[in-house]
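These protein sequence lines map, in sequence, to chains A and B. Heads up: the first sequence begins at 506 in my numbering, then just goes up one per residue. Heads up: the second sequence begins at 506 in my numbering, then just goes up one per residue. Single-structure report; data block below.
There are 2 protein chains.
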Amino acid sequence: MDLNFTLEARCPETEARLGRFRTTHNEVETPQFMPVGTVGSVKSLDPRDLTDLGATVILGNTYHLGIRPGVPTLEALGGMHTMAAWPRSILTDSGGFQILSLTNLRKITEEGVQFRNHIDGGLLDLTPELSLRIQAAIGSDIAMVLDHLAPSNSPRAVVEEAMGRTTRWALRSLAARTRPDQALFAIVQGGVDLELRQRHVEELCAHPFDGFAVGGLAVGESIPQMYETLAFTAPKLPVDKPRYLMGVGTPQDLVEGVARGIDLFDCVMPTRNARKGGLFVDGGRRKINLNNARFKDDRGPLDPTCTCYTCRTFSAGYLRHLLVAKELLVYRLLSIHNLHIYLELMRNLRAALREGRFAAFRREWWAGVPAKG
Amino acid sequence: MDLNFTLEARCPETEARLGRFRTTHNEVETPQFMPVGTVGSVKSLDPRDLTDLGATVILGNTYHLGIRPGVPTLEALGGMHTMAAWPRSILTDSGGFQILSLTNLRKITEEGVQFRNHIDGGLLDLTPELSLRIQAAIGSDIAMVLDHLAPSNSPRAVVEEAMGRTTRWALRSLAARTRPDQALFAIVQGGVDLELRQRHVEELCAHPFDGFAVGGLAVGESIPQMYETLAFTAPKLPVDKPRYLMGVGTPQDLVEGVARGIDLFDCVMPTRNARKGGLFVDGGRRKINLNNARFKDDRGPLDPTCTCYTCRTFSAGYLRHLLVAKELLVYRLLSIHNLHIYLELMRNLRAALREGRFAAFRREWWAGVPAKG
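As structure tokens, then:
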């Protein structure tokens, strides 16, 4: 499905761009951050929390949902929008990343990936076609092709082979599409080898995908390597399609990703950190550890500059007490805070682009980031 | 502090009564159920959830809050109303019950109770005066006296000794009061020995307590024994003061407690059961186990007769999926459901009393309870 991606502004000094696209569920403004709803809920948050936060797309994990509850139950329950009572858009990954990170991988063949799942050890063959079938049952607005991600320190021949397979799997995915209401994004691989990235962009962009992701980053390479690869790759993608940087990242990565031409991001970082007491503050420029004893008697908000429900309602001292006592409520309250920081940063980036002051915003934002010690 | 408890209706066929009282925070209609906010939050729920549910009083645990975060932090953070952003009433227990159930109890003397706490094993002497000091730091609207609860199978002499001590500690508590905005309730002990109950009621009711609790029930005796003791004891308490049945119970216990003249109840049952998938349905008449595979593909609500947020929004199949996957969101959604069942039952009991049809409501309610089998 064509998302009718339209560009509304471009920064003259960087590759940053302001745009919007439409799914059958809603209109999505870009650049945008997508909270991760791994197994069918953004951990601890209900759909009202997410709409209050201004989230417009959430992510579902094909690997997790395909194993549990599985396709028959997904279909019986009407797909993820109905299940999770989520009225806005959903993007699903293809399952490839979780297979590498979570499972006992058996083998990768031209046909697909064979692995034992992390729930009950069951053997599964995931093919590009099955991945799309699960994504169809989830009913996501945007599906991703199954890709073959080579570890970032792999020899060139291995990266090249994975790249070629990713292209062939992407073309099989195009052919296997069943839902006219579902967009399909391809994934550019090639590691940190710019020549391979160039070649893969050319291979994939010759085909009618509805958007393109930059894959294989934030998997072990250095931050300068990631930024360099991104700066090289993103601007070569079609200007009239959304560009998605998968699994990234810190607030700094969002600002720099946007500057390099990225429109969509997802990451578990804000929610996963929140559950451990790692809170982004000051517009995402700094991080604090709420477990620290200095917050014990702190009657002020955990971030005086923040306007989220948590900061408007509760003291840092109370939140720290709940965290230390492992009280269930705290995971939701801290997740609300961190997601607010991320989504507010994206709103600020979009406003800066709209008003032609992105480069200035970026400079001023970085000026408030403390030097690493 | 006098709560200005006023009776508005009495059932001519039972001891049930409709009333209301006022704290400095709000007006509380009785009979009323109080959700338990053990360590400073009703597990998984925020204050909006609780006001949406119609809760008007929540309970705080003096034992838990006194150990962590402790009096200095409670005072620094402004007490539990400010910490938890809870604008309505709070009742605190005295800590006596948790000392028996959770700690390594060292000794009980006339002075107080010595024990090692369950968090870091620290040694603490809890006296009636210290319990009130912690309750003053929490800032509850209603405080309870420290009592000595003898196990329900104790010899008569042991129950008698505990009773005498409870009276003496209650009088020390009266003398140790510091907050003019805090009511103080005494606790009637005496096990299932009706003569001892009679005697303890007479001892305590001679003193200016603001309300009276029936303690020492639901601690091992049979349900008929509990109901008999309650039927004997509750009507002997002053008619113009609230009567509180501590730590009870099932929806059946609420209906029967009200019929025997009880005004206030608290219990962890709705929230603790919810977190394990034990859901009360059909107005509290039945309980289901959401872990059961029969809910796997169930697209309907978990309770078709329920109007709570969870039942209006999500399918039983989705909730079961979240429960099986141990997703954090589910604990809040199921707690909302069970507390709605409890608080709605209390609303229905009050409406029946107001409209002079309590006895009929009780009969009809029980007619829908399935026979045990």
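Positions of the beta carbon are idealized from the N, C-alpha and C atoms, including for glycine. It should be emphasised that the depicted structure is a prediction, and the values quoted were computed from it without experimental measurement.
For residue i, which of helix, strand or coil comes out of DSSP?
i         : result
A:Asn-853 : helix
A:Glu-534 : strand
A:Pro-741 : A small fix is needed here, since residue 741 of chain A is Lys in this sequence, not Pro. In the structure shown, A:Lys-741 sits in a helix (DSSP, three-state: H, G or I).
B:Asn-622 : coil
A:Asn-796 : coil
A:Thr-671 : helix
A:Leu-654 : coil
B:Ile-613 : strand
A:Phe-717 : strand
A:Gly-762 : helix
B:Phe-819 : coil
B:Thr-776 : helix
B:Arg-593 : coil
A:Ala-662 : helix
A:Val-697 : coil
A:Thr-812 : coil
B:Leu-523 : strand
B:Thr-556 : helix
B:Ile-639 : helix
A:Gly-565 : strand
A:Met-585 : helix
B:Gly-783 : strand
B:Gly-861 : coil
Measure the C-alpha to C-alpha separation of residue i and residue j and round it to an integer number of angstroms.
i         : j         : result
A:Leu-807 : B:Ala-736 : 51 Å
A:Ala-642 : A:Gly-627 : 20 Å
B:Met-585 : A:Tyr-568 : 43 Å
B:Leu-838 : B:Asn-609 : 35 Å
B:Arg-515 : B:Thr-734 : 21 Å
A:Ala-681 : A:Gly-583 : 21 Å
A:Glu-532 : A:Arg-525 : 7 Å
A:Leu-487 : A:Gln-687 : The displayed coordinates of chain A run from 506 to 878. Any statement about residue 487 of chain A would go beyond what the structure contains.
A:Lys-831 : A:Arg-780 : 10 Å
B:Ser-606 : A:Arg-553 : 38 Å
B:Ile-647 : B:Ala-581 : 21 Å
B:Asp-787 : B:Leu-550 : 23 Å
B:Gly-695 : B:Leu-709 : 12 Å
B:Gly-573 : B:Val-544 : Correcting the residue type first, residue 573 of chain B is Arg in the shown sequence and not Gly. Spanning the two alpha carbons is a distance of roughly 8 Å.
B:Lys-877 : B:Pro-517 : 30 Å
A:Arg-852 : B:Ala-872 : 57 Å
B:Pro-536 : B:Ala-655 : 28 Å
B:Ser-636 : B:Gly-617 : 10 Å
A:Thr-556 : A:Phe-538 : 13 Å
B:Ser-678 : A:Gly-783 : 43 Å
A:Ser-599 : A:Asp-652 : 7 Å
B:Tyr-823 : B:Asn-778 : 18 Å
A:Leu-769 : A:Asn-797 : 33 Å
A:Gly-644 : A:Ile-595 : 8 Å
B:Phe-863 : B:Ala-675 : 34 Å
B:Leu-579 : B:Val-650 : 20 Å
Let me confirm a value: residue i is counted as buried when at least 16 other C-beta atoms fall within 10 Å, else exposed. Which label applies?
i         : result
B:Ala-739 : buried
B:Lys-548 : buried
B:Asp-630 : exposed
B:His-712 : exposed
A:Asp-771 : buried
B:Ser-840 : buried
B:Asp-507 : exposed
B:Ser-727 : exposed
A:Ile-624 : exposed
A:Ala-667 : buried
B:Asp-745 : exposed
B:Asn-622 : buried
Can you name the residues of chain D whose CB is closer than 7 Å to the CB of residue i?
i         : result
A:Glu-832 : Among the chains of the structure shown, chain D does not appear; the protein chains present are A and B.
Say whether the segment 747 to 754 of chain B touches the segment 712 to 728 of chain B, bearing in mind that this needs 3 or more beta-carbon pairs closer than 8 Å, one atom from each stretch.
yes
Check each residue of the segment 579 to 597 of chain B: if its Cβ is closer than 8 Å to any Cβ of chain A, include it; give the result in chain order.
Ala-581, Leu-582, Gly-583, Thr-587, Met-588, Ala-589, Ala-590
Taking 8 Å as the cut-off, does the segment 654 to 668 of chain B touch the segment 692 to 705 of chain B (at least 3 CB pairs, one atom from each stretch)?
yes
Cβ contact (3+ pairs, closer than 8 Å) linking the segment 790 to 805 of chain A and the segment 558 to 578 of chain A
no
Which of the residues in the segment 789 to 820 of chain A, read from start to end, lie with their CB under 7 Å from any CB of chain B?
Lys-801, Asp-802, Arg-804, Thr-818, Phe-819, Ser-820
Quick one, which residues of the segment 740 to 769 of chain B are near chain A if we go by CB-CB under 7 Å, in chain order?
none
Residues from the segment 624 to 655 of chain A in contact with chain B, defined by Cβ distance under 8 Å:
none
Validate contact between the segment 839 to 848 of chain B and the segment 808 to 818 of chain B using beta carbons, cut 8 Å, 3 pairs
yes
For the segment 596 to 617 of chain A, which residues have a beta carbon sitting closer than 9 Å to at least one beta carbon of chain B?
none
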